[in-house]
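In full-length UniProt numbering, the protein residues as written are 1 to 232.
Heads up, the beta-carbon is just placed ideally off N, CA and C, and yes, glycines get one too.
Here is the structure we will look at, set down as structure tokens.
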Ligand SMILES: [Zn+2]
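What follows is the structure, encoded as structure tokens:
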């Protein structure tokens with residue numbers, strides 16, 4: 001009998017699908033197969049791909065352990081690449097205080113729901129507000145340095161991307177960029193600013209990115225393990 005696989009996976013069946021495919025994303029394995037694929041066949045197919053799956057899953061799981069935002073008393077959150085501890089207490093009004101690598105939340109005594117949920121929401125509101133000040137200002141500075149001016153810069157809540165730039169020259173930035181070390185954050189901002197000149201990911205675009213951010217390759221690959229910041 002075959003040994004137990006060292007990971008679990010989710011099977012998604014689709015009537016339109018003719019072949020099987022695999023995805024290792026955000027620490028999860030997903031297998032997409034035709035609707036009528038035999039369960040035993042799926043299992044053995046996944047097993048045959050284990051050498052490809054396991055290292056990817058390990059890299060992602062390590063990233064998760066390193067970067068995951070942990071909302072609990074004594075939990076953890078990264079700001080500008082630095083780890084802060086997290087705690088909360090009750091008080092007259094809800095607020096967030098930041099000092100010495102610690103974020104102290106005060107939850108209003110009027111808040112009746114689950115404290116962890118309330119703490120998460122308060123923290124997100126605080127991050128969004130902080131992003132509106134810091135990220136927008138930083139984008140303005142970098143835009144000036146690069147000679148690229150967006151028509152607007154807005155803060156958005158994305159789960160799958162750090163930012164975007166559309167054909168109207170509007171840049172949208174994920175507030176979760178506040179988690180990243182400054183040089184990785186700046187790379188994302190420069191990336192979006194460069195789309196004002198090159199609305200694609202062609203050679204001209206990357207040459208422009210390289211001109212304004214010579215080490216962009218390093219930051220780009222570092223970002224591939226930063227996905228846990230997108231998950232809370
Ligand atoms: Zn892009």
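task = Could you tell me which residues DSSP puts in a beta bridge with residue 218?
result = Start at 1 with the first residue of the chain shown, and residue 218 comes out as number 218. Looking at the DSSP assignment, residue 218 forms no beta bridge with any residue, so it has no partner.
request  = Just tell me which of 90, 125, 101 and 128 has its CA closest to the CA of residue 114.
outcome  = Locating residue 114 in the chain shown gives position 114, where the first residue counts as 1. Its Cα nearest to that of residue 114, the residue 90 stands out among 90, 125, 101 and 128.
query = Fully enclosed by the stretch 37-72, which alpha helix (DSSP H) runs are 4 residues long or longer?
reply = Correct list: 39-48 and 50-67.
key: Contained beta strand (DSSP E) runs [length at least 3] in the stretch 129-211, N- to C-terminal order   = Contiguous beta strand (DSSP E) elements confined to the stretch 129-211 occur at 152-156, 163-165 and 170-174, taking only those with 3 or more residues.
task = Give a yes or no on whether the minimum CB-CB distance between residue 114 and chain B is below 9 Å.
result = No chain B appears in this structure, which consists of one protein chain only.
key: With 16 other Cβ atoms within 10 Å as the buried cut-off, status of residue 70   = Counted from its first residue, the chain shown places residue 70 at position 70. By the neighbour-count definition (other C-beta atoms within 10 Å, threshold 16), residue 70 is an exposed residue.
Which of helix, strand or coil DSSP assigns to residue 225 = For this step, residue 225 is matched to residue 225 along the chain shown. Three-state result, residue 225: coil.
task = Kindly indicate which three-state DSSP category residue 30 falls into: helix, strand or coil?
result = Position 30 of the chain shown holds residue 30. Strand at residue 30.
Whole-angstrom C-beta distance between residue 146 and residue 212, which should lie under 8 Å = Sequence index remark: in the chain shown, residue 212 carries index 212 (1-based). Sequence index remark: in the chain shown, residue 146 carries index 146 (1-based). Their Cβ separation, rounded to whole angstroms, is 5 Å, which keeps residue 212 and residue 146 in contact under 8 Å.
task = Measure from the alpha carbon of residue 7 to the alpha carbon of each residue in 53, 19, 37 and 25, then state which is nearest.
result = Taking the chain shown and counting its residues from 1, the one referred to as residue 7 is at position 7. When each option's Cα is compared against that of residue 7, the closest is 53.
ask   = Looking at the structure shown, is residue 126 part of a helix, part of a strand, or coil, going by DSSP?
value = Position 126 of the chain shown holds residue 126. When secondary structure is reduced to three states using DSSP, residue 126 falls in the helix class.
ask   = When DSSP builds the beta bridges, which residues end up paired with residue 9?
value = Here residue 9 refers to the residue found at position 9 when the chain shown is read from its first residue. DSSP lists no partner for residue 9.
ask   = Which stretch, first to last residue, makes up the beta strand (DSSP E) that contains residue 108?
value = By 1-based counting over the chain shown, the position of residue 108 is 108. It spans 102-108 - the beta strand (DSSP E) in which residue 108 sits, taken as one unbroken run.
inquiry  = I'd like the list of long-range same chain contacts for residue 116, defined as Cβ closer than 7 Å, with 5 residues on each side in sequence excluded.
reply    = Here residue 116 corresponds to residue number 116 of the chain shown, with the count starting at 1. Non-local beta-carbon contacts of residue 116 in its own chain, meaning distances under 7 Å to residues more than five positions away in sequence, involve 71 and 72 in chain order.
key: residue 192: CB within 8 Å of a non-hydrogen atom of ligand 1   = For the purposes of this step, residue 192 is taken as the residue at position 192 of the chain shown. True, at least one ligand heavy atom lies under 8 Å from that Cβ.
message = Suppose you measure from the CA of residue 37 to the CA of residue 26; what does that come to, to the nearest Å?
response = Residue 37 sits at position 37 when you count from the first residue of the chain shown. Residue 26 sits at position 26 when you count from the first residue of the chain shown. Distance between the alpha carbons of residue 37 and residue 26: 25 Å.
inquiry  = For ligand 1, I want to know if residue 201 counts as a neighbour, meaning its beta carbon is within less than 8 Å of at least one of the ligand's heavy atoms.
reply    = Counting from one through the chain shown, the residue named residue 201 turns up at place 201. Within the cutoff, so yes.
query = Would you call the stretch 191-205 and the stretch 224-231 touching, i.e. three or more CB-CB distances under 8 Å?
reply = Per the Cβ contact rule, the stretch 191-205 is not in contact with the stretch 224-231 (fewer than 3 Cβ pairs under 8 Å).
task = Starting from residue 89, follow the beta strand (DSSP E) in both directions and report where the run begins and ends.
result = As a working mapping, residue 89 is identified with position 89 in the chain shown. Per DSSP, residue 89 belongs to the beta strand (DSSP E) from 82-91.
request  = Pull up the DSSP beta-bridge partners for residue 24, would you.
outcome  = Here residue 24 refers to the residue found at position 24 when the chain shown is read from its first residue. 29, per the DSSP bridge assignment.
message = On the DSSP letters alone, give me the boundaries of the beta strand (DSSP E) that residue 95 sits inside.
response = In the chain shown, counting from the first residue as 1, residue 95 sits at position 95. Note, residue 95: beta strand (DSSP E), 95-99.
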